[in-house]
Amino acid sequence: MRLNRSTLYAVVAVLELPDDKNVKPLSCRQLCEQADLPERYLLQILRKLVIAGVVDSVRGAEGGFRLAKPLNRLSLLELVEAVDELPQFNVETLNGLSSSAQWTIGATMAGIREDARKRLGAFTLDRLQRQRHG
Numbered sequence: 143m144r145l146n147r148s149t150l151y152a153v154v155a156v157l158e159l160p161d162d163k164n165v166k167p168l169s170c171r172q173l174c175e176q177a178d179l180p181e182r183y184l185l186q187i188l189r190k191l192v193i194a195g196v197v198d199s200v201r202g203a204e205g206g207f208r209l210a211k212p213l214n215r216l217s218l219l220e221l222v223e224a225v226d227e228l229p230q231f232n233v234e235t236l237n238g239l240s241s242s243a244q245w246t247i248g249a250t251m252a253g254i255r256e257d258a259r260k261r262l263g264a265f266t267l268d269r270l271q272r273q274r275h276g
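Numbering (our numbering), first residue to last: 143 to 276.
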């Protein structure tokens with residue numbers, strides 16, 4: 143499985159954001175500088191994360207972004223679904239195969255996709271944070 147650039151940028155950004163309401167939020171520019179990410183692209187990702195309830199947006203001169211919930215309650219699946227989607231199996235590649243083979247391969251790939259959803263859902267971002275600083 144390969145995560146796309148949007149998901150990878152979302153992970154990097156989320157790991158940089160404060161999760162404490164008492165800590166000043168980070169502006170998009172600050173976040174880009176800290177994480178070495180392109181600002182225009184990251185702003186689009188942050189908007190999606192706000193809509194998904196992963197990130198809070200704080201308005202005003204001291205505004206910016208911070209996590210809406212702690213990393214130990216935020217799964218990798220939530221980020222994938224917020225900014226993109228899990229890769230789909232292209233059934234068009236099965237054209238020319240018997241219907242039995244198409245069904246078998248399609249069912250297998252659907253099972254693999256569901257397994258990936260479960261694993262991504264069980265993997266919380268605090269684990270990445272610990273690996274990053276550990």
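For each residue, glycine too, the CB sits at the ideal point set by N, CA and C.
Where Ser199 is concerned, the enclosing beta strand (DSSP E) starts and stops at Val197 to Val200. With 16 or more other CB atoms across the displayed protein chains lying within 10 angstroms of its CB, Val156 is buried. Asp268 is the residue among Leu168, Arg182 and Asp268 whose C-alpha sits nearest the C-alpha of Asn214. Per DSSP, the unbroken alpha helix (DSSP H) holding Leu218 starts and ends at Leu218 to Val225. In the DSSP assignment, Arg208 falls within the beta strand (DSSP E) that extends over Gly206 to Leu209. Taking all protein chains shown into account, Leu239 has fewer than 16 neighbouring C-beta atoms within 10 Å of its C-beta and is therefore exposed.
The C-beta separation of Val197 from Leu173 comes to about 10 Å, leaving the pair out of contact by the 8 Å criterion. Using a Cβ-Cβ distance cut-off of 8 Å, the stretch 189 to 203 and the stretch 240 to 254 are not in contact, since fewer than three pairs of beta carbons, one from each stretch, lie closer than that value. Contact between Ser169 and Gly206 is confirmed by a C-beta separation of about 4 Å, below the 8 Å threshold. Selection Arg208, Asp226 and Asn146 evaluated against Asn164 yields Arg208 as nearest (Cα-Cα).
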